[in-house]
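Going by our numbering, the first residue of the sequence shown is number -11, and it counts up by one from there. Working notes, structure below.
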Amino acid sequence: MFKSNKQSKNIFIATALFMTGLIIVGIFLAASRLQEIPCSLDYNGTHTFSIGGHEVVIETKTFAEEGPAEVIVSGEHFREVLDSLSNQDLYMNVSPASVSWTNIDGKRWRDLLIWRPDEPTGQHHTASVYLSSDDGKLHRLIPPLKRGQ
-11 MFKSNKQSKN IFIATALFMT GLIIVGIFLA ASRLQEIPCS LDYNGTHTFS
39 IGGHEVVIET KTFAEEGPAE VIVSGEHFRE VLDSLSNQDL YMNVSPASVS
89 WTNIDGKRWR DLLIWRPDEP TGQHHTASVY LSSDDGKLHR LIPPLKRGQ
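Structure below.
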């Protein structure tokens, strides 16, 4: 009727291991989803990313507190300048680019989406290009992805 101490201890250990496994899987899934949330890049900065074994540099340039900006994407055999907007106003704080990780091309690794604001208020963003983890090159998204804040 009553279980021995050894049986109770074994059941406790098995339950603890099972719960630990569930927690680890939950943390992994949550971390994977967090990579899909766009992360703003600095106003005038250089960022290096490793994408599927390829090194890519994204540089952001702003020319005034508010207005046009550039996002320069370069890799081993390419360099492309993308037009963008920025707003460094105390209340707006709209970066020229944001990035997020997601699998676009269906290959093994995630690709890097480059989001740019549609307007100086930063309410809506468009990802019309992505960096492929397959070849490390910039590709166009047709149709582009849109998101609002």
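Backbone N, C-alpha and C fix where the C-beta goes; we use that ideal spot for every residue, glycine too. Since the structure is predicted, the reported quantities are computational estimates derived from the model, not experimental observations.
Counted as a single uninterrupted DSSP element, the beta strand (DSSP E) harbouring G136 occupies residues 126 to 136.
Contact check for V82 and P105: beta-carbon distance about 5 Å, within the 8 Å limit, so the pair qualifies. Residues of the same chain with a CB within less than 6 Å of the CB of T36, apart from the 5 flanking positions on each side, are V45 in chain order. Beta-bridge partners assigned by DSSP to E68: V61.
Going by DSSP, V87 is part of the beta strand (DSSP E) stretching over 86 to 90. Residues R98, D99 of the same chain have their beta carbon placed closer than 7 Å to that of N91, with the five preceding and five following residues left out of the count. For I25, the secondary structure class from DSSP, reduced to helix, strand or coil, is coil.
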